[in-house]
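J.: Note that our numbering has the sequence shown beginning at 43, numbered continuously upward. Note that CB positions come from ideal geometry on N, CA and C, so glycine has one too.
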Amino acid sequence: LKRVEGSKRMEGKYERISWDEALDLVAKKMEEAVDNYGPYSITTAYQPSPHLERLFALWGAGIEGWGWCSKDPGRLAGHLMGGVPGWSYNESSNDTADVLLNSKLIVLWGFEPTINHFGPGHQVAYYLKMARERGTPVICIEPRYTVAAEVLADQWIPIKPGTDAAMMLAIGFLLMSKNLYDREYVQKYVDPRGFEEWRSYLLGEKDGIPKTPEWAEKICGVPAETIRGFTDLYARTKPTWLWLGWGPPRKSRGENVVRAACALQAITGNWGVAGGSVPIDMGTRPKPARMLPYGEIPKVRVPKMYRSHMWAQMVLLKEKVDSGEMSADEYKAIIGWRAPNDLPLPTPKILMGGGTWLHNTRTVINAADSTNDHIKAAHKMDFIIWMHSHMSPALWISDVILPCNDQSLEDRRIWGGGTPGYGGFVNITYVPGVVEPPGEAKPAHWIHTEIARRLGIGEVYNTYCEEGGNWWEGWEKYLRNEFDRMAEELVEQGAKMPTWEEFKKDGLINVQELNEEPFHSYRSFIDQGKPLRTKTGKIELYSYVIGDESQRGQFHLDDDGRIIDNLPNDWRDLPPIPAYQPMYRGMEHDDVKRFPLFLLSAYPRYRNHTTFWNVPLLRGDCYRHAVWMNPADAQARGVKDGDLVRIHNNKGVGVIPAYVTSRILPGMIVIHHGGNYEPDKEGVDWGCTPNIFFTDNESPVTAPRVSNLVQIEKFTGARPEA
């Protein structure tokens with residue numbers, strides 16, 4: 043589809059054109075942008091696309107953002123503390139769910155295993171229930187009384203959102219001051235400088251503020267006596283499986299939360315033991331890499347000039363740099379520049395997106411930082427190309443829409459090594475393409491290959507599918523090659539592999555069946571004495587990169603020459619040790635006077651991001667998209683359950699029904715992630731996607747910020763026409 047000439051973006055006026063016309067137009071616009079504005083004029087928004095990154099690298103033009111909205115603070119912590127790059131799937135990733143049966147204490151910190159990643163499909167909830175039946179206590183620390191808190195936990199500790207690090211530091215204070223930490227383990231496996239730096243901070247030796255339970259209580263709302271009781275149980279019960287959900291770190295200063303949780307597990311001797319945990323990433327046992335590119339890996343590295351969810355700020359703030367209102371250094375710090383400093387600033391003119399993962403290709407509108415800013419930035423683009431399997435708000439801003447297959451139903455592919463964190467065990471799965479794609483939809487990899495051919499790099503971009511040949515024959519050859527590569531890795535681990543034809547017929551290889559016992563992380567470090575790939579070879583509570591001011595503003599490599607891919611050049615005020623820093627626009631911020639309610643965006647039970655929003659069976663009696671409010675907050679505003687309310691702050695306005703419940707703390711509200719963006723003529727969002735309310739140009743950028751301060755009033759009007 044092509045936007046009708048003379049129509050405006052978001053009017054929804056499109057006309058059908060042929061694939062050749064569309065692809066020729068896309069290639070022409072890309073070449074014109076590079077000729078007129080240079081190689082850094084073609085951009086992608088959230089989420090980064092491996093297909094486009096390969097295309098840009100081989101063509102020599104185009105820039106990308108870095109990072110995802112999921113668990114980048116954990117990926118950064120894994121690299122800084124354990125020497126494991128954020129996207130590694132090796133023995134340091136983490137544990138299989140059955141290791142929970144070795145645990146003597148289980149702590150769910152902001153983790154809802156009946157809904158979230160690593161939850162039902164990963165069998166964590168099942169093994170939690172089994173462990174509890176065996177007498178293992180389960181404690182849930184969470185601002186909401188969730189299903190997990192109700193049915194899987196022995197104790198629920200409510201905590202103010204955004205203050206988790208304060209409670210963790212108080213636990214650390216007690217462990218240090220009372221010598222309850224594992225001294226032998228610390229001496230053997232923890233870098234002494236980092237331990238001493240953190241001990242000194244916790245005891246208040248430098249800032250004069252001991253991080254006592256009483257200090258933490260004033261911040262997080264958890265009674266000091268509760269913190270003491272928890273710490274006593276935690277210190278004398280080993281191993282402890284403490285798992286941090288993605289919610290606590292997805293806030294301003296979220297980098298501190300993950301590092302504090304990992305530090306607690308380190309000083310109590312819970313890294314690398316069966317039944318313990320390193321709350322970074324549950325990637326499970328070593329497994330074959332996912333499908334590799336269909337050709338030689340490019341030698342050129344595509345510049346990562348901005349944090350992916352900061353794409354809008356990369357566009358909008360560039361105008362301030364050009365006008366002299368903002369320095370280049372300040373601009374880079376805000377957008378999360380993670381590229382060599384001698385590169386020129388971007389000149390964004392084209393936005394390309396979609397065609398990666400079905401459930402994430404809407405995120406430029408529905409799940410990005412500040413929906414309205416992303417729309418403003420999109421309107422400044424000369425040309426926008428988007429790929430998707432069905433119409434969504436991301437496509438409303440597009441000039442050309444390229445319909446691509448639903449990858450889970452219509453494409454032929456191998457899910458290499460499985461994606462256990464997203465709801466399954468470690469596996470290799472063959473997806474045969476069970477239904478014919480609708481209309482003229484094409485595979486995303488076909489679309490990217492055809493664009494590459496028009497740019498003159500088709501033969502190197504895809505070496506399997508020759509121009510003019512049978513696409514699926516070439517693709518089958520690629521899949522067969524990938525299967526052989528994965529099979530070779532597994533045979534080395536002792537697996538008996540099926541033939542290619544047998545694999546296509548059966549469709550599944552359970553990699554976890556190779557385990558004779560539950561897999562747990564960091565085995566070679568603990569059991570075999572192999573050093574970590576950190577500066578000291580040990581667990582580092584102190585970051586030598588962040589602690590070195592001469593590194594600020596540079597492109598960061600670790601001591602092994604690997605990119606620290608979740609650390610921007612300028613980390614702003616992120617400290618080298620886990621510390622407590624009040625959230626920007628959190629419950630301690632001055633803006634609470636104007637906007638007194640703290641908004642959280644929790645993951646929904648009935649959607650996968652925005653996918654399934656339009657399914658009638660998942661609406662109405664089954665699920666209502668509503669804002670959770672405590673009865674005290676509702677009564678103060680004259681709101682009853684089911685009333686429409688108007689939610690607003692300085693970034694957006696939305697209307698949504700209220701769900702009044704005592705399962706949430708006073709002073710906070712929850713809107714589940716993934717609501718469809720449905721603005722009226724005044725810009726009021728009646729789908730009330732929570733992301734219209736989010737923004738933060740002040741905090742370090744690694745942590746995605748999916749929270750903010752808002753105000754609520756009862757709404758008595760009617761919904762106007764869109």
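#1: Hey, would you say Tyr-701 sits closer than 8 Å to Val-669, going by beta carbons?
#2: Which residues mark the beginning and the end of the beta strand (DSSP E) in which Thr-268 is found?
#3: Taking its Cβ as the centre, do 16 or more other Cβ atoms sit within 10 Å of Asp-196, making it buried, or is it exposed?
#4: What does Gly-395 pair with, by DSSP beta-bridge criteria?
#5: Bridge partners of Gln-349, per DSSP?
#6: For the region 103–121 against the region 347–355, are there 3 or more C-beta pairs whose distance is under 8 Å?
#7: Closest to Arg-495 by CA distance: which of Thr-86, Phe-567, Trp-101 and Pro-185 is it?
#8: When you compare only the Cα positions, how much space is there between Ala-258 and Phe-637?
#9: Which word fits Arg-666, buried or exposed, when buried means at least 16 other C-beta atoms lie within 10 angstroms of its C-beta?
#10: Take the Cβ of His-490 as the centre, count every other Cβ of all protein chains shown within 10 Å, and call the residue buried at 16 or more, exposed below.
#11: Please work out which residues of its chain come closer than 8 Å, Cβ to Cβ, to Gly-246, disregarding the five sequence neighbours upstream and downstream, and give them in chain order.
#12: Between which residues of its own chain and Thr-578 is the CB-CB distance below 6 Å, once the five residues before and five after are set aside?
#13: Report the partner residues of Tyr-701 according to the DSSP bridge assignment.
#14: Identify the continuous alpha helix (DSSP H) that holds Gln-307 and give its terminal residues.
#15: My guess is that Asp-453 and Asn-447 are in contact by the Cβ rule of under 8 Å, so how many angstroms apart are they, rounded?
#16: To which residues of the same chain is Ser-83 closer than 7 Å at the C-beta, ignoring the five residues directly before and after it?
#17: Any contact between the region 567–577 and the region 118–127? By contact I mean 3 or more CB pairs, one from each, below 8 Å.
#18: Starting from Phe-98, follow the alpha helix (DSSP H) in both directions and report where the run begins and ends.
#19: I need the DSSP call for Ile-711, collapsed to helix, strand or coil.
#20: Restricting to Cα atoms, I'd like to know which of Gly-54, His-121 and Pro-185 is closest to Asp-601.
#21: Quick one: which unbroken beta strand (DSSP E) runs of 3-plus residues sit fully inside the region 644–693? Chain order, please.
#22: DSSP puts Glu-591 in a beta bridge; with which residues?
#23: For the structure I just gave you, are there three or more beta carbon pairs, one from the region 607–620 and one from the region 583–594, closer than 8 Å?
#24: Excluding the 5 residues flanking Phe-98 on each side, which residues of the same chain have their C-beta closer than 8 Å to its C-beta?
#25: If we cut at 8 Å on Cβ distances, does Asn-383 have a partner in chain D?
#26: I want to know whether the region 261–270 touches the region 165–173 - three or more CB-CB distances under 8 Å.
#27: Please list the terminal residues of the continuous beta strand (DSSP E) segment that includes Lys-756.
#28: Less than 8 Å between the C-beta atoms of Lys-202 and Phe-425, yes or no?
#29: Less than 8 Å between the CB atoms is what I'm expecting for Ile-698 and Val-752, so what's the real figure, rounded?
#30: Ignore the nearest five residues each way along the sequence and tell me which others in Ala-419's own chain have a CB closer than 6 Å to its CB.
#31: Considering Trp-514, what are the terminal residues of the alpha helix (DSSP H) in which it resides?
#32: What is the DSSP secondary structure of Gly-318, counted as helix, strand or coil?
#33: Determine the burial state of Gln-449: buried for a count of at least 16 other Cβ atoms within 10 Å of its Cβ, exposed for fewer.
#34: Gly-696 bridges to which residues according to DSSP?
#35: Would the region 203–217 and the region 298–316 be scored as touching if the rule is three or more Cβ pairs under 8 Å?
#36: Applying the 10 Å Cβ sphere with the 16-neighbour rule, what's the burial state of Gln-229?
T.: Quick answer:
#1: yes
#2: Careful: Thr-268 lies outside any beta strand (DSSP E), inside the alpha helix (DSSP H) at 266–278.
#3: exposed
#4: Trp-428
#5: It is Arg, not Gln, that sits at residue 349 in the sequence shown. For Arg-349, which the question treats as bridged, DSSP gives the partners Trp-108.
#6: yes
#7: Trp-101
#8: 24 Å
#9: exposed
#10: buried
#11: Pro-252 and Lys-253
#12: Asp-233
#13: Trp-670
#14: 296–309
#15: 5 Å
#16: Ala-75, Val-76, Thr-389, Pro-390, Lys-391 and Ile-392
#17: yes
#18: 92–101
#19: strand
#20: His-121
#21: 669–671 and 686–690
#22: Glu-591 is not bridged to any residue.
#23: yes
#24: Ile-84, Gly-104, Ile-105, Glu-106 and Val-344
#25: This model lacks chain D altogether; it includes just one protein chain.
#26: no
#27: 749–756
#28: no
#29: Incorrect: roughly 11 Å between the Cβ atoms, too far for contact.
#30: Ala-354, Val-357 and Leu-358
#31: 513–534
#32: coil
#33: buried
#34: Ile-689 and Asp-727
#35: yes
#36: exposed
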